[in-house]
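Read the sequence shown against our numbering and you will find it ends at 289, with the numbers running on by one and no gaps. Taking it in order: structure first as structure tokens, then the write-up.
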Amino acid sequence: MSRWKALPGELDPRVRQLVVRLRRLKDHSGLSLRQLAAKTGYSASSWERYLGGRSLPPREAVEAMARIGGDDPTRLLALHEVAAEAWGEGHGGTAAPEASDATDGTSAAGAAHTVEAAGALRAAGADDTGPYSLSAPNEGTRHGRSLRVALVAGSVALVLAVSSAVLLAVRLSDGDSRASATPLGSATSSVSPSPSPSGPRTYACEVERIDGRWYAGNSRTRDAVLAEGLAGPEVAEAQCLLRRAGFAPGVVDGIFGPHTKSAVEQLQKQAGLVVDGIIGRHTWGVLRR
């Protein structure tokens, strides 16, 4: 399996998390970029930009990758919605991803249909003249297009509402699990550095074994994808479990920095996993057991 190039340093953590998940799905599929292009309808050069963090993939490309990699489309699309919002903030409010290039061997007409399918949202808000218009639209065409615009807008609103509900449920479940954790005196170690008022936040490592798995009281996740540049209680949980396993991630501050990445790589090497410095389902499995 090839080692990925480092993502741009200025890439927003929310976009970085989406790209990292897409990279892992691509690796698990075992497909080359050309094979991926053939299966998804998005060219190899487009996928190279998406997986390199230089362009935000369209929603349809993300959904296709979820099907190929066997991931949950709803969860991956929720990550895409968050990443699209972050991408818009960093690019002057333009959150719409670019349409993919036509794949090798595709005719001009086929390319137009691919672009239309990948850019449904843009097509809904465009002028009445579009890729399927051979002449100026008549009154009936305008009414039909208005109806389609309304239907697409309603679908988008529904997807956004469901995605927000999923993200909120995940955060609440993590919060409830932290509140209900009861540390065992015989198996609990505490890390409580004294934070300065202006310094980074620190987390406690209340390590205990529940139902045959290790937990540190910061998060109960077993499949969150974490990579360098991300931050939060899930990262702190991983840092605590890395320390319990004998690998030094540095200060348990919930920030995935170079020390944490180095500790993850050491753990992956010892466990016989792919050494990429990214925490996913398999690395969580080693940390929890």
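Every residue, glycine too, gets a C-beta built ideally from N, C-alpha and C. Computed from a prediction, not measured in an experiment: that's the story for all the values here.
- Here Leu267 is buried. Its C-beta has 16 or more other C-beta atoms within 10 Å.
- For Arg3, there is no enclosing alpha helix (DSSP H), as DSSP gives it neither H nor E.
- Annotation: Val235 to Ala271 spans about 20 Å, alpha carbon to alpha carbon.
- The region 6–21 makes no contact with the region 204–222: fewer than 3 CB pairs, one atom from each, lie closer than 8 Å.
- In this structure, the beta-carbon distance from Pro249 to Ala263 falls below 8 Å.
- Trp214 places its beta carbon less than 8 Å from that of Arg288.
- Three or more Cβ pairs closer than 8 Å define a contact, and the region 244–258 falls short of that threshold against the region 33–50.
- In this structure, Val82 and Arg14 form a Cβ contact; the two beta carbons are roughly 5 Å apart against a cut-off of 8 Å.
- A check of alpha carbon separations from Arg209 across Arg244, Thr202 and Pro233 identifies Arg244 as the nearest.
- A direct Cα-Cα distance of roughly 9 Å separates Gly30 from Leu36.
- Sequence-distant partners of Gly254 (beyond 5 residues in either direction) whose C-beta falls short of 7 Å from its own C-beta, in its chain, are Arg201, Tyr203, Ala231, Gly232, Pro233, Val235 and Ala236.
- In the three-state reduction of the DSSP assignment, Ile68 falls in the helix class, which pools H, G and I.
- Using a 10 angstroms sphere on the CB of Gly277, the tally of other CB atoms reaches 16 or more, which defines it as buried.
- Unbroken alpha helix (DSSP H) runs of no fewer than 4 residues, entirely contained in the region 212–280, are found at 233–244 and 258–271, following chain order.
- Around the CB of Lys269, fewer than 16 other CB atoms lie within 10 Å, so the residue is classed as exposed.
- Taking the Cα of Ala216 as reference, the smallest distance to any Cα among Lys261, Val225 and Trp284 is reached at Trp284.
- Here the C-alpha atom of Gly257 lies approximately 31 Å from the C-alpha atom of Arg67.
- The Cβ atoms of Val225 and Arg3 do not sit closer than 8 Å to each other.
- Using a 10 angstroms sphere on the CB of Thr74, the tally of other CB atoms stays under 16, which defines it as exposed.
- DSSP, read as helix, strand or coil, puts Glu206 in coil.
- C-alpha of Lys261 to C-alpha of Leu33: approximately 27 Å in a straight line.
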